[in-house]
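Here's the structure we're looking at; comments come further down.
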Amino acid sequence: MKKSNIYIAGLAVAILLPSLSFSQIDRSIRPKAGKAPEINIKDSEVFTTKNGITVILSENHKLPRVSFSLSMGSDPRLEGPLAGLGSITGSLIMSGTDNRTKDQLDKETDYIGASLGASSSSVYMSCLTKHMDKGLDLMSDVLMYANFPQDEVDRIIKQNESGLISAKSDPSTMASNAESVANFPDRHPYGEIMTEESLAKINRNAIVAYYKSNFTPKGSYLVVVGDIDRITTEKVVDQYFGKWNGSDEFKQEYGTGTFNDGNRVIFIKKQGAVQSVINISFPMDIEPGHPDYIKLKVLNGILGSSGFGARLMQNLREDKAYTYGCYSRVNVNNNGSWFTAGGNFRNEVTDSAITEILFEIQRITDEYVTDEELELTKASMNGSFSRSLESPSTIARFALSIIRNDLPKDYYQTYLKKLEAITKDDVLEIAQKYFLPKKCNIVIVGSEEVLDKLEKFDADGEIEKLDAFGREVQDLKPTNASVEYVFNSYIASISPNYGGPKLLKKLKKIKSKSEVIEYSNSQFPGAITSTNVWISPNQNGTKMEMSGMTLQKQYFDGSTGGSSSMRGSEDMTQEEIDAALKSEGLFPELFYAKTGMECDMQGIETRNGIDYYLIKLNDGNSEIYEYYDVKTCLKVERKEIRSRDGETMESIINYGDYQEVDGFLFPMKQDISFGGMTLSGEVKEIKLNAKVNIDDYK
Amino acid sequence: MKKLVLIGILGLSSLSANAQRQIEFIEYDLDNGIHVILHEEHATPIVAVSVLYHVGSKNEKADRTGFAHFFEHLLFEGTDNIERGEYSELVEKNGGALNANTSQDRTFYYELLPSNQLELGLWLESERMLHARVDSVGIETQRSVVKEEKRQRVDNQPYASFFTEMFKRMFSVHPYNWVPIGSMEHLDAAEEADYVDFYRTFYVPANATLSIAGDIDIEQTKKWIDRYFSSIPKGEAINLYRDFENLADSEFESKYGASKSKFDKNDFLNPNDKSARNILRKYSATPVNIPRPEKATEKLTTIISDTIYDNIQLPALFMGYRFPEQTHEDYYALQMMNDVLSGGSSSRINKNLVEKQEIAQFALSFGYGLEDAGAGIFAAIAANGIDLAEIKTSFDEQIELIKKELITEEEFEKIRNQYENSFISSNSTVAGIAENLADNHVYNGGADKVNTELENYMKVTREDIQRVANNYLTQDGRILLYYLPKDSE
Chain R
1 MKKSNIYIAG LAVAILLPSL SFSQIDRSIR PKAGKAPEIN IKDSEVFTTK
51 NGITVILSEN HKLPRVSFSL SMGSDPRLEG PLAGLGSITG SLIMSGTDNR
101 TKDQLDKETD YIGASLGASS SSVYMSCLTK HMDKGLDLMS DVLMYANFPQ
151 DEVDRIIKQN ESGLISAKSD PSTMASNAES VANFPDRHPY GEIMTEESLA
201 KINRNAIVAY YKSNFTPKGS YLVVVGDIDR ITTEKVVDQY FGKWNGSDEF
251 KQEYGTGTFN DGNRVIFIKK QGAVQSVINI SFPMDIEPGH PDYIKLKVLN
301 GILGSSGFGA RLMQNLREDK AYTYGCYSRV NVNNNGSWFT AGGNFRNEVT
351 DSAITEILFE IQRITDEYVT DEELELTKAS MNGSFSRSLE SPSTIARFAL
401 SIIRNDLPKD YYQTYLKKLE AITKDDVLEI AQKYFLPKKC NIVIVGSEEV
451 LDKLEKFDAD GEIEKLDAFG REVQDLKPTN ASVEYVFNSY IASISPNYGG
501 PKLLKKLKKI KSKSEVIEYS NSQFPGAITS TNVWISPNQN GTKMEMSGMT
551 LQKQYFDGST GGSSSMRGSE DMTQEEIDAA LKSEGLFPEL FYAKTGMECD
601 MQGIETRNGI DYYLIKLNDG NSEIYEYYDV KTCLKVERKE IRSRDGETME
651 SIINYGDYQE VDGFLFPMKQ DISFGGMTLS GEVKEIKLNA KVNIDDYK
Chain W
1001 MKKLVLIGIL GLSSLSANAQ RQIEFIEYDL DNGIHVILHE EHATPIVAVS
1051 VLYHVGSKNE KADRTGFAHF FEHLLFEGTD NIERGEYSEL VEKNGGALNA
1101 NTSQDRTFYY ELLPSNQLEL GLWLESERML HARVDSVGIE TQRSVVKEEK
1151 RQRVDNQPYA SFFTEMFKRM FSVHPYNWVP IGSMEHLDAA EEADYVDFYR
1201 TFYVPANATL SIAGDIDIEQ TKKWIDRYFS SIPKGEAINL YRDFENLADS
1251 EFESKYGASK SKFDKNDFLN PNDKSARNIL RKYSATPVNI PRPEKATEKL
1301 TTIISDTIYD NIQLPALFMG YRFPEQTHED YYALQMMNDV LSGGSSSRIN
1351 KNLVEKQEIA QFALSFGYGL EDAGAGIFAA IAANGIDLAE IKTSFDEQIE
1401 LIKKELITEE EFEKIRNQYE NSFISSNSTV AGIAENLADN HVYNGGADKV
1451 NTELENYMKV TREDIQRVAN NYLTQDGRIL LYYLPKDSE
């Protein structure tokens, strides 16, 4: 009996085992991808309100959340002398309303755990469905009753001033400004760049006028996504946006951008750069949702996406080691589209890198891509497209795109199928249709030493030179003034009470100087206090503090020095010591001849109608460029560029508001920018011959 | 009156609407002990494949700390079928993303893939479970990576040692005594055999939860799981298989009494040889012994007060209390108590210590719930020139207040809103759902907690919050760590 049981059990096991398929598998075989899945994007419902809003409802009851995303229907406007007005207005919409201060807005939003945001042409709100009424109350308040308090306007303008100063030392911003101007030069909103002059003209009245004209229900789109039905949507839209009114939306065609007859080289000088930013671009005549668009994305994926094995990366990084990264991008918009490729490259290989990028753009228009490249790119695009769908905001973006661009309803629904169907022939055809390897805008931001190697790329051999904001630059005007003359005139201007021998006598009696500067930035609370001391003849120390915490100390005692911070301490290198020895005295300009500082007159540069002497100094460690006002001979700017291990660090100090202290003029305003950030510096105290001890800075 | 009734009904309907939003899933065990959880939803054509190993720093030996976290790094090194460095590349090339993390209690790996790459994800994770490459090259490489990580995230961060210092004092017996980053000396002292042993003990099917969420077909997924995971040997047989792959024949034979040739390389689980079948049966039937510490019972009965000199500029105070383990019923109220004290800029600690009194640069409190025990921590960095005694007084005032008086209705409503929001948001992605399901299965007594956890928070009353404050914020049993700048030593 027992035995047979065992037998039966054994039999059962024997029968069952194979079906459990515990048998070995060949693990060296990697699973293949299955059929590209179809995505389930539900059709949206669309209706229009009496005051002209097109409402797009995308119901999704997976989670009890809802989002309302309102975009204005106007085309972008030419801002002309007020370039930047839209972006400033956008930054200010959440700064308070007729009914609530900014603090109240923040507090009420937090209480319901909502998220509320705005830009120059949109307002967005999302929250749990049950807090929808409160959320919409806040959203409609900022939409209709933003009141732009003057102090907030001032704060945002100040913040943008800092941003512009930083932009002047940021090569990628410089390149992108030039790229915009080069592709859209002719009265096109994409070609308009905010400058110091345009920012100076922007005021509260202009902002309010922009807001009134741009935020109008006519032609606007409200995308509602989430846990809400049609009836409720109609009800709340009427309740919160029914009272909203305004003028007709602004409509304007701007054309496709300007195509070149041949390659055009555009150069933006960046003093002391050891790397060049290369940015190669051309306009494309394509709009979002065009059937070619997905093919164009595949083409770009093969050429220059960030994934493994894309051609630009493979050629310029893996094979040639010219760069850490080289990418391309297609920018497709309703008001103008373009292609860009580029990256950062060492000075020596700048021309070779341009050659290779152009070669790759050419090659992909001449030959088929490989099957492997095509499959990899499609797989990776499939993945990122699919993953992006998890976010309700993606669904909202698609729903809007379908309406705005008049696409078939299932455009995104069938996106992956369309992607899968793309062939090598498609890719070649698209490349030949849109790519212009011989009509590019080749923008280079870099050192002048690379300039003579660039001529060969320009169709007519004439390189255009632009400034940081895409404006044409004039070459420096030559001058007969010598470096000594400028230095002497400068010293004379800042020491009006002493002349010649009297000055030297006076200077001998000055044994030390200490100065306290308070640095602030509108984006950060709190201030950084910097104490700078000089002790005759050439000791100096700096201490940076924030809220009583020492961030960094630095000293030079005439023979050695170093710096320390929370991250540890570091001694000065011999090179740095030799450089420090070249600046001695309260006014080092008096002693440059003696200390061996290299000084060269570069010429006269005109900025905003004012002439400046530009003098280049070199202490063996840094290149320094100083600007002196031709009329007043006051120093207004000092730019220092230091290179180390192939990286450059750049800092710019702008001097202003010279005031007399103990018989000398010192600048009371010293703004400093570095690493993309600008701090406004205000001198709080200057003392001559105060008691200072260099040990405090060690 | 009519309006009020209407609001009442609306309120009810919104409640029941919430209750209907269940996260559906199925779960089962494979014969080798892997627990499988599957959640099917087709909203987005992606799938999250995750494996949670029930091993964290608390499973380490006291002289080999840092192992669990180290393995999180090591297990990206590849397998017999995946080249070194290829693991991440394979995922990225196929449109996916991946990551991993380690705590005191768990090590968690996941891939987020297009749903037509589910099989790839299963293959990758099964490879990692079956026979990851644990060799000297990988160990050396990852040792330097982990050391760099520790330098960056702990050593070079002011105050960051407080975690280590706090847990060291709070748990003298339980292995929560040390933290996941562990000791670099231990990693250096360890030999390849130590690493191999850790892998053989904890990276076994019975210690793993495979949680998959997203656009899947349950039946097809089960088939693939069978293919890649059921074929992983059960019990100690997995280590028999690993030895079969890694040992020389003589070593293998002296260990198991049979030559490797008795086993079938291509069908390891079904050898023709009888002795091999017997060995296989024996080892399959022997479960891997996974050492786990006892729940922590130690209490704080005195005030432990210490000064630590660190590379800092401003002094700081850290206060520690013993909280219960994360599954304890009081834990919900404790979390909510912490949010009253420290949730957001309008919370009590921030309003008082930072904004009103301006004695702290930064101040907060938080609960740290773990499988075997919990901790409540108060932390503040002093404002310039402020004595830490002042901070302690102020913290104590806040503690006394929340013990003595009920929190306000407004505070109560705000934190309830915040909880609901964060609970709902935590299940908004398939990756989040896969992780929550696995976590709830292993640590919270059931994957279904994913649907019921919010109720436990919503049940908490203002009185509960006051009660747990009184029970757990024990002023005569706590740890006080005074952090002072090194140069004041």
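If you read the protein sequences in the order shown, they are chains R and W. All residue numbers for the first sequence refer to the numbering used here, where the first residue is 1 and numbers rise by one. All residue numbers for the second sequence refer to the numbering used here, where the first residue is 1001 and numbers rise by one. Note that beta-carbon positions come from the ideal geometry of N, C-alpha and C, so glycine has one too. Please read these numbers as outputs of a predicted model, since none were measured by experiment.
Closest residue to residue i among the options (Cα-Cα distance)
| i | options | result |
| --- | --- | --- |
| isoleucine 1082 of chain W | W:Ala1100, W:Gly1121, W:Val1055, W:Tyr1331 | W:Gly1121 |
| alanine 206 of chain R | R:Ala118, R:Thr89, R:Glu192, R:Asn497 | R:Thr89 |
| proline 537 of chain R | R:Gly446, R:Asp571, R:Lys508, R:Ile228 | R:Lys508 |
| isoleucine 286 of chain R | R:Lys243, R:Gly309, R:Val332, R:Glu318 | R:Val332 |
| leucine 199 of chain R | R:Asn654, R:Ala118, R:Ile157 | R:Ile157 |
| valine 153 of chain R | R:Val208, R:Lys243, R:Ser388, R:Leu407 | R:Val208 |
| isoleucine 1412 of chain W | W:Leu1401, W:His1042, W:Thr1461, W:Gly1385 | Reading the sequence as shown, one finds phenylalanine at residue 1412 of chain W and not isoleucine. Among W:Leu1401, W:His1042, W:Thr1461, W:Gly1385, the Cα nearest to that of phenylalanine 1412 of chain W belongs to W:Thr1461. |
| arginine 721 of chain R | R:Leu358, R:Ile268, R:Leu164 | Only positions 1 to 698 of chain R appear in the structure, and residue 721 of chain R is not among them; the question remains open. |
| aspartate 1267 of chain W | W:Leu1353, W:Ile1399, W:Ile1232 | W:Ile1232 |
| phenylalanine 1366 of chain W | W:Asp1464, W:Lys1356, W:Asp1372, W:Phe1378 | W:Phe1378 |
| alanine 1276 of chain W | W:Tyr1241, W:Val1288, W:Glu1149, W:Tyr1309 | W:Tyr1241 |
| tyrosine 613 of chain R | R:Ser651, R:Leu476, R:Ile652 | R:Leu476 |
| aspartate 371 of chain R | R:Gln252, R:Lys424, R:Ala459 | R:Lys424 |
| alanine 1375 of chain W | W:Glu1089, W:Asp1215, W:Ala1296 | W:Ala1296 |
| leucine 551 of chain R | R:Ser530, R:Gly561, R:Gln539 | R:Ser530 |
| glutamate 515 of chain R | R:Asn260, R:Ile430, R:Asn532 | R:Asn532 |
| alanine 1189 of chain W | W:Lys1061, W:Asn1470, W:Ile1349 | W:Lys1061 |
| arginine 27 of chain R | W:Gln1335, W:Asp1029, W:Glu1040, W:Asp1080 | W:Asp1080 |
Heavy atom of the ligand SAM within 7 Å of residue i beta-carbon
| i | result |
| --- | --- |
| serine 536 of chain R | In terms of ligand content, the structure shown is empty, and the ligand SAM therefore cannot be addressed. |
DSSP beta-bridge partners of residue i
| i | result |
| --- | --- |
| aspartate 1310 of chain W | W:Pro1485 |
| histidine 1039 of chain W | W:Ala1213 |
| proline 283 of chain R | R:Trp338 |
| phenylalanine 1108 of chain W | W:Leu1052, W:Asn1101 |
| aspartate 571 of chain R | R:Gly562 |
| arginine 638 of chain R | R:Glu626, R:Ile653 |
| tyrosine 613 of chain R | R:Ile604, R:Tyr628 |
| leucine 1364 of chain W | W:Ala1379 |
| glycine 96 of chain R | R:Thr101 |
| cysteine 633 of chain R | BP columns for cysteine 633 of chain R are empty, so no partner. |
Beta-carbon proximity check, residue i vs residue j, cutoff 8 Å
| i | j | result |
| --- | --- | --- |
| leucine 1300 of chain W | threonine 1474 of chain W | yes |
| serine 1346 of chain W | tyrosine 1228 of chain W | no |
| aspartate 141 of chain R | arginine 100 of chain R | yes |
| glycine 336 of chain R | threonine 258 of chain R | no |
| alanine 1285 of chain W | glycine 1235 of chain W | yes |
| glycine 568 of chain R | lysine 582 of chain R | no |
| methionine 566 of chain R | asparagine 1311 of chain W | yes |
| tyrosine 519 of chain R | glycine 675 of chain R | no |
| asparagine 1116 of chain W | alanine 36 of chain R | yes |
| leucine 1314 of chain W | methionine 284 of chain R | no |
Rounded Cβ spacing between residue i and residue j (contact assumed at less than 8 Å)
| i | j | result |
| --- | --- | --- |
| valine 683 of chain R | methionine 668 of chain R | 5 Å |
| tyrosine 1176 of chain W | phenylalanine 1167 of chain W | 5 Å |
| serine 1073 of chain W | arginine 1106 of chain W | Note on residue identity: the sequence assigns histidine, not serine, to residue 1073 of chain W. In fact, because the Cβ distance is near 16 Å, the residues do not count as touching under 8 Å. |
| valine 443 of chain R | asparagine 279 of chain R | 4 Å |
**Request:** Kindly confirm or deny that the region 314-324 of chain R and the region 282-292 of chain R touch, where touching means at least three C-beta pairs closer than 8 Å.
**Result:** Inter-segment contact for the region 314-324 of chain R and the region 282-292 of chain R is absent: fewer than three beta-carbon pairs are separated by less than 8 Å.
**Prompt:** Is it a yes or a no for the region 480-497 of chain R touching the region 587-603 of chain R, going by three-plus beta-carbon pairs under 8 Å?
**Reply:** yes
**Request:** State whether the region 434-452 of chain R contacts the region 132-139 of chain R, with contact taken as three or more CB pairs (one from each stretch) at a distance under 8 Å.
**Result:** no
**Message:** Check whether the region 1247-1255 of chain W and the region 1289-1305 of chain W are in contact - that is, three or more C-beta pairs closer than 8 Å.
**Reply:** Too few Cβ pairs lie closer than 8 Å, so no.
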